[in-house]
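Take 8 as the starting number for the sequence shown in my numbering and just add one per residue.
Virtual Cβ for every residue (Gly too), placed ideally from N, Cα, C.
Please read these numbers as outputs of a predicted model, since none were measured by experiment.
Worksheet: one structure, shown below.
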Amino acid sequence: MAYGRQFEITVNCTDGETIHITDVDVDFSSVRDDEKEPNEAELTLWGLTPQTQNAIAQAGSTVSVAAGYIDEGMFTLFQGELISAVTIKPNEVYGLKMKIYEALIPFRASVTSRIFRKGQNLREAVLLVASDMGLGCQVSKAAAALVLPKNISGVALSRDVLNSLCKPVNATWSIQYQSIVVTAGDSVLNGAAIFSPETGLLGAPFLKIHSPKRTKKKNPSEKDQIQKKHDKSITTYQWPRRVHRLITQKALAARWELLKLLLGSRFYVAALRLANRLSLHLLQWVKDGTSLLRKYPTDSVRVTVRHGQHHGRESLHEAGKSGYCNHRAGA
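Given below as structure tokens:
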């Protein structure tokens with residue numbers, strides 16, 4: 008049984024410096040499939056000095072991750088370009104969280120200008136495109152027997168040229184370990200790492216039922232989470248209540264004075280009607296009545312009651328302004 012688990016992180020900086028890391032805590036995860044998009048990986052290094060973090064976090068740096076056992080050697084798990092590097096501190100120890108893409112620059116920027124003839128071997132054509140991209144090439148046995156069904160020529164991105172070569176013959180291509188891998192229903196084993204404890208890798212990964220998604224949901228930052236929690240703690244009440252029509256401030260003041268007179272004179276029915284029109288919550292006040300009657304005693308206004316029909320709104324308004332409340336009780 009293999010023993011002596013080990014790993015090594017190699018960073019080639021843009022200034023020519025090479026950093027080898029073997030004695031820190033490491034979190035590593037990667038997505039590797041046969042899609043055309045470059046494979047991606049996340050690497051977090053804990054406990055680095057600020058000087059080492061600044062040296063690593065440079066645009067254009069390349070990162071290589073290798074792991075294995077002492078008696079069996081190490082296998083390269085991932086090698087690619089550094090896209091982002093963020094310093095995090097979930098606990099007491101700082102960490103440098105990096106996102107790495109495999110052969111992202113050749114995938115995005117390589118251009119091919121070539122002419123491929125009908126009947127040319129697919130392997131020869133793919134080798135020419137791989138040389139334009141600066142990558143290696145591996146072709147499976149089934150794909151090596153295929154030939155081009157028609158002439159192909161053009162000047163385009165290298166990945167588009169590969170699509171034009173592989174699609175007519177039902178072949179697929181992807182970038183694995185800095186090499187273009189072309190298959191046609193079979194597989195390529197040379198140079199591939201097998202994820203199992205016997206091969207010296209860091210344990211066997213668990214099986215995922217769903218396919219990995221290329222577009223990941225952006226995790227909110229700690230500042231956004233605090234702000235969101237603060238916003239939830241604030242309760243906003245709508246005031247004033249919505250009314251069906253606009254009431255001017257002068258008219259509202261006049262009706263409020265009239266309402267106080269009606270409440271003081273124990274005309275609860277008329278007061279409730281007016282309060283409902285003003286959208287005021289005075290029902291409990293009128294039912295209780297005690298506190299309002301203390302505030303507005305009945306002897307502060309003079310009330311005249313006559314038998315007959317109810318006076319109009321104008322009469323109530325004028326009565327409120329003059330201090331009188333004329334009301335005719337209905338039959």
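Range covered by the alpha helix (DSSP H) that runs through residue i
{"i": "arginine 12", "result": "Unbroken run through arginine 12 is the beta strand (DSSP E), 12-19; no alpha helix (DSSP H)."}
{"i": "isoleucine 28", "result": "Careful: isoleucine 28 lies outside any alpha helix (DSSP H), inside the beta strand (DSSP E) at 25-28."}
{"i": "aspartate 238", "result": "229-239"}
Endpoints, the beta strand (DSSP E) within which residue i is located
{"i": "leucine 103", "result": "102-108"}
{"i": "aspartate 32", "result": "32-38"}
Counted within 10 angstroms of its Cβ, other Cβ atoms place residue i as buried (16 or more) or exposed
{"i": "serine 228", "result": "exposed"}
{"i": "valine 339", "result": "No statement about residue 339 is possible, as the shown extent of the chain runs from 8 to 338 and does not include it."}
{"i": "proline 156", "result": "exposed"}
{"i": "glutamine 58", "result": "exposed"}
{"i": "glutamate 109", "result": "buried"}
{"i": "alanine 92", "result": "buried"}
{"i": "glycine 337", "result": "Because glycine 337 sits at a pLDDT of 36, beneath the cut-off of 50, its placement in the model cannot be relied upon, and the following sentence gives the value as read from the coordinates. Burial call: exposed."}
{"i": "glycine 102", "result": "buried"}
{"i": "threonine 190", "result": "buried"}
{"i": "serine 68", "result": "buried"}
{"i": "lysine 215", "result": "Unreliable placement is indicated for lysine 215, whose pLDDT of 40 sits below 50; no coordinate value is reported for it."}
{"i": "proline 45", "result": "buried"}
{"i": "glycine 75", "result": "buried"}
{"i": "alanine 260", "result": "exposed"}
{"i": "glutamate 99", "result": "exposed"}
{"i": "valine 70", "result": "buried"}
{"i": "glutamate 88", "result": "buried"}
8 Å Cβ cutoff met for residue i and residue j
{"i": "alanine 149", "j": "glycine 192", "result": "yes"}
{"i": "asparagine 128", "j": "valine 168", "result": "no"}
{"i": "serine 181", "j": "aspartate 41", "result": "yes"}
{"i": "glutamate 49", "j": "lysine 106", "result": "yes"}
{"i": "leucine 84", "j": "alanine 73", "result": "yes"}
{"i": "glycine 11", "j": "isoleucine 95", "result": "no"}
{"i": "glutamine 232", "j": "glutamine 86", "result": "no"}
{"i": "methionine 81", "j": "glutamine 13", "result": "yes"}
{"i": "cysteine 144", "j": "isoleucine 112", "result": "no"}
{"i": "valine 33", "j": "glutamate 47", "result": "no"}
{"i": "asparagine 158", "j": "arginine 124", "result": "yes"}
Supposed close pair residue i, residue j - CB separation, criterion 8 Å
{"i": "threonine 104", "j": "threonine 17", "result": "Contrary to the premise, residue 104 reads as lysine rather than threonine in this sequence. Actually they are not in contact, since the Cβ atoms of lysine 104 and threonine 17 sit about 18 Å apart, beyond 8 Å."}
{"i": "serine 165", "j": "valine 136", "result": "5 Å"}
{"i": "serine 194", "j": "serine 138", "result": "Contact flag wrong, Cβ pair sits at about 24 Å."}
{"i": "alanine 64", "j": "isoleucine 26", "result": "The pair is not a contact, with the Cβ atoms about 11 Å apart (cut-off 8 Å)."}
{"i": "arginine 130", "j": "alanine 151", "result": "5 Å"}
Residue i CB to nearest heavy atom of the ligand PLP below 7 Å
{"i": "isoleucine 90", "result": "Ligands displayed in this structure: none; no statement on the ligand PLP is therefore possible."}
- [ ] Could you pull out every unbroken beta strand (DSSP E) segment of at least 3 residues lying fully inside the region 53-96, listed in chain order?
- [x] 69-76 and 80-95
Open item on the list: At 4 residues or longer, what runs of the alpha helix (DSSP H) sit wholly inside the region 115-203?
Closed with: 129-140, 148-151 and 165-173
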